[in-house]
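Undergrad: Residue numbers (the UniProt record's numbering): 1 to 138. Okay, handing you the structure first.
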Amino acid sequence: MSKKIIITCIAAVCIIILVGITVGDSVEKAPEPEPEPVTQDHTKVMIAVLSSRPGCEQTNSCYLPPNVTINSGQTIVWVNDDRAFHTVTGGYYDVFDGTFDSGHMNPSDTFSYTFDDVGKFHYYCRLHPWMEGTVIVN
């Protein structure tokens, strides 16, 4: 008798599985939504590790990337990856133009600036004047 019960239970489970597979395949699935396009509203510039030591200017690697081209209204975010203090200051070492100045940035600090005007903007680090970069705004 118990053998009949086991065989009946196994048959019932097989039927339930087959019905579930058949019904599951016939149900129309809703289409998956397409991912939203990613819009980049800012560009990151890294203040390179060891850029506080002279020499990064020889390989143009004090700010990474050293030259950035963006559109008007976009923002640059500078990230201090170095273990030293730095600044991001508009102009040249001997001619501060007052456009932007981060002040002293601690390690891992960030500084953001939104460029609304079209043009070429040079910047440097007041603490390490060999560090230079350029932002071109279209």
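Beta carbons: idealized from backbone N, C-alpha and C, even for Gly.
Count the other CB atoms, across all protein chains shown, that sit within 10 Å of the CB of Glu36; report buried if there are 16 or more and exposed otherwise.
TA: Stepping through the sequence shown from its first residue, residue 36 is reached at position 36. Its pLDDT being 39, under 50, Glu36 is placed unreliably in this model, and the value from its coordinates should be taken loosely. Exposed: under 16 other Cβ atoms inside 10 Å.
Undergrad: Just confirm the distance between the C-beta atoms of Ile76 and Val135, as a whole number of angstroms; I'd bet it's less than 8 angstroms.
TA: Taking the first residue of the sequence shown as position 1, residue 76 is located at position 76. Taking the first residue of the sequence shown as position 1, residue 135 is located at position 135. About 6 angstroms; that satisfies the 8 angstroms criterion.
Undergrad: What are the boundary residues of the beta strand (DSSP E) that Phe96 is part of?
TA: In the sequence shown, the residue the question calls residue 96 occupies position 96. Phe96 -> beta strand (DSSP E) spans 95 to 101.
Undergrad: Please confirm whether Thr89 and Tyr63 have their CB atoms less than 8 angstroms apart.
TA: Taking the first residue of the sequence shown as position 1, residue 89 is located at position 89. Taking the first residue of the sequence shown as position 1, residue 63 is located at position 63. Not closer than 8 angstroms, so no.
Undergrad: Going straight from the alpha carbon of Pro129 to that of Gly55, what length do you get?
TA: To locate residue 129, count along the sequence shown from 1; it is residue 129. To locate residue 55, count along the sequence shown from 1; it is residue 55. Distance between the alpha carbons of Pro129 and Gly55 is about 12 angstroms.
Undergrad: Among the candidates Met105, Gly98, Ile70, Ser108, whose CA atom is the shortest distance from the CA of Val118?
TA: Residue 118 sits at position 118 when you count from the first residue of the sequence shown. The candidate whose alpha carbon is nearest that of Val118 is Ile70.
Undergrad: Would you list the residues sitting across from Met46 in a DSSP beta bridge?
TA: Within the sequence shown, numbered from 1, the residue matching residue 46 stands at position 46. Partner(s): Leu64, Val79.
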